[in-house]
Each structure stands twice: as structure tokens, then as C-alpha cells.
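In full-length UniProt numbering, the protein residues as written are 1 to 358.
Beta carbons are placed, not taken as given, at the ideal position from N, Cα and C, and that holds for glycine.
Shown next, in the form of C-alpha cells:
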């Protein structure tokens with residue numbers, strides 16, 4: 001194989017040098033979006049062994065025999081990388097040279113259909129609260145990452161700009177729910193250690209580190225990617241150093257100090273954002289037990305109190321898809337994820353049970 005180059009760059013060469021010359025006057029838009037480490041900018045030479053290579057999304061309303069035409073006429077390689085993928089139609093595919101037709105990795109469909117499959121909705125008009133809360137962060141990252149190569153009607157460009165980040169009140173709500181998650185477990189590592197459960201203390205610390213990492217990304221207006229890339233997306237700094245120190249700590253006090261230091265950085269950043277009433281960004285004692293915590297509930301409550309939309313302010317601290325669901329099989333199904341979140345947002349019926357969803 002040739003020297004590695006980022007997949008989005010390869011996709012650009014593929015489109016302009018190999019694909020576009022074959023399209024003639026066909027109305028279309030072209031991009032490299034959707035699943036893939038290349039779209040997030042995290043691909044390396046290791047990524048080339050599967051689901052990486054010359055890939056494109058072609059958005060065409062009436063494709064006709066476009067797929068078959070490309071199969072017959074595409075070059076066998078671009079910039080030294082095979083354009084043929086095997087096995088045919090599999091969920092995971094890899095590049096392979098061929099002397100015959102090219103089984104290409106070009107997704108061809110309309111933009112609305114592609115958006116509904118990825119996000120569960122089409123962001124060409126108003127984006128409702130359920131749209132924002134019912135799609136995983138990873139999907140928003142895949143939609144707004146990558147690159148657009150051809151967009152004559154600016155449909156993709158406008159939709160991507162619309163989903164760059166939450167509207168202010170929804171941002172407050174999601175941040176409040178993330179602080180709430182931290183509040184629910186921040187004293188647990190010390191309690192587990194006090195009870196002689198060192199394994200439990202370390203597991204709980206790791207859970208909190210994940211939630212703090214997500215909080216830091218949300219504060220930076222960056223969609224948190226899924227677990228493989230979560231901390232790769234974090235810029236280095238004192239907060240991430242403290243998270244690493246918490247995971248390396250071998251004593252209860254060192255672990256607690258590192259976690260509190262990371263949370264003090266997050267609390268300071270929360271005040272700087274100006275989204276809610278400021279709270280003292282310093283650790284405090286958990287009741288009279290001698291455990292140090294940040295008191296994350298303060299930030300959750302302040303953020304929810306600052307929400308101006310009464311309907312959003314009345315929502316429970318359940319949050320968005322990633323704050324509710326921890327099952328990959330659900331999160332990769334846009335419509336199932338949306339249905340789960342919709343259930344949590346439905347007001348209870350008079351009998352105290354949530355109304356069934358259509």
C-alpha cells in the first residue's frame with residue numbers, strides 16, 4: 001500500500017479525480033460523512049485494514065443505474081489505494097485489488113433518506129427538542145464532521161451548520177443532566193474504599209472519569225464521540241491530567257484529590273460559560289463523612305433554573321440519548337434510540353405511568 005494519508009483527503013481525491021468525471025450533468029451533492037474514524041479525524045495507518053479507503057456519500061434524488069455504472073467504469077485504484085471492497089454487501093469491508101468490476105464503497109441515496117437513517121430525522125427545517133435529544137452524540141459528530149466536496153444547493157452545508165451545536169436552553173439542559181450524573185456517584189469511590197472494596201472504588205472512579213470527560217467536551221461545544229475515541233477528542237490540559245491521575249491513584253485520598261481537581265476545572269469552566277448562576281468552584285465535604293466532592297448538584301440545579309423555556313425546564317434529569325442509554329445495539333439504531341428517549345420525555349398519565357408511544 002502507498003504511504004498513509006487521512007481518509008477524508010483520499011475521499012476528496014476520489015471524488016474529483018475518479019467519480020465526478022463520470023457523473024456528467026447529474027444533479028448531486030458529494031461528501032465524506034457518517035461512520036468512520038476518518039470522518040472524526042482520528043484515522044491512522046491501523047485504520048486501513050477495514051471500513052477505510054476510497055469512500056463517498058453521493059446524494060442523488062433519482063440515481064437510476066448510477067451504482068451499476070460506477071461499478072463498471074470506476075478506476076481500480078486511486079492514489080494507489082484499491083477502490084474495490086470485499087466481501088460484497090458485508091457490514092465490515094476491506095479494500096482488495098480486482099481485475100473485474102469495482103464493488104465500490106459509495107453510498108448513493110437521497111439526503112433526506114440518509115439523514116433519517118443516521119439521525120432519525122431530517123434536519124432541513126425546524127429541529128425539535130426530541131430531534132436534539134433523541135440522536136446520539138456520535139451521530140451528530142458524524143453528521144458535522146468529515147467534509148463536503150460538492151453542494152450546489154447548499155442543502156448539506158445548511159443542515160450541518162444547523163446541527164453544529166445545541167440551542168442555548170438545550171445546552172443548559174444536557175449540561176444539567178451531565179452534572180446530575182456526576183452528583184449521583186461522586187461520593188461512591190471513597191465509600192467503596194472505606195468498605196474495603198478497592199476494585200469497586202476503581203470501577204466507580206473510571207465511571208466518573210468517563211462522565212467528567214463527556215462534561216468537558218460538552219462545555220467545549222464538541223460532540224462527545226463513542227467510547228473508543230472519547231478521550232482522544234479531549235485536548236490535553238490540567239483537567240485531563242487529573243483524570244489520568246485519578247485512574248492511576250493507589251490510595252483513596254490521592255484518587256479523591258485527583259477527581260476533585262478535575263471537577264474543579266470543570267466547575268470553573270462552567271462558571272466561565274455564563275449559562276447559569278455562578279457556584280463556588282471548590283470541593284466540599286459530603287455531609288459529615290469526610291469525603292471530598294464538588295457538589296455537582298449545585299451546577300445541575302443552577303443550569304436547569306436558568307432554562308427560559310418552561311417545557312424544557314420541566315423535563316426530568318434524564319437527558320439525551322447518551323445519558324439514558326448505554327447499549328450499543330440501541331444507540332446504532334436511530335429510530336430505536338429516538339423511541340427510548342421519547343418515552344422518557346412523555347409526561348406521565350393520570351395513573352402515574354408514562355403514556356405509550358406510537
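- Looking at the backbone, the Cα of residue 189 and that of residue 267 are separated by about 20 Å.
- Around the beta carbon of residue 227, fewer than 16 other beta carbons sit within 10 angstroms, so the residue counts as exposed.
- Distance check between residue 99 and each of 217, 116, 321, 83 places 83 closest, using alpha-carbon atoms only.
- By the 16-neighbour rule on beta-carbons within 10 angstroms, residue 1 is exposed.
- For residue 303, the closest of 255, 168, 48 by C-alpha to C-alpha distance is 168.
- Just so you know, the alpha carbons of residue 335 and residue 120 end up roughly 5 Å apart.
- By the criterion of a C-beta distance shorter than 7 Å, residue 340 is surrounded in its chain by 324, 325, 330, once the five residues flanking it on both sides are discounted.
- In this structure, residue 139 places its C-beta atom within 7 Å of the C-beta atom of residue 118.
- DSSP links residue 57 through a beta bridge to 31, 107.
- Under DSSP, residue 147 shares a beta bridge with 32.
- Rounded to whole angstroms, residue 262 and residue 225 show a C-alpha spacing of 20 Å.
- According to the DSSP secondary-structure assignment, residue 293 is paired through a beta bridge with 284.
- Secondary structure of residue 69 (DSSP, three-state): helix.
- Assigned with DSSP and collapsed to three states, residue 8 falls in helix.
- In this structure, residue 200 keeps its C-beta atom at 7 Å or more from the C-beta atom of residue 206.
- At a Cβ-Cβ threshold of 7 Å, residue 104 and residue 30 do not count as neighbours.
- If you check the CB distance, residue 182 and residue 296 come in under 7 Å.
- The beta-carbon distance between residue 176 and residue 300, rounded to whole angstroms, is 5 Å. This is short enough to meet the 8 Å contact definition.
- Residue 174 sits in a helix when the DSSP states are folded into three classes.
- The Cβ atoms of residue 234 and residue 258 lie no closer than 7 Å to each other.
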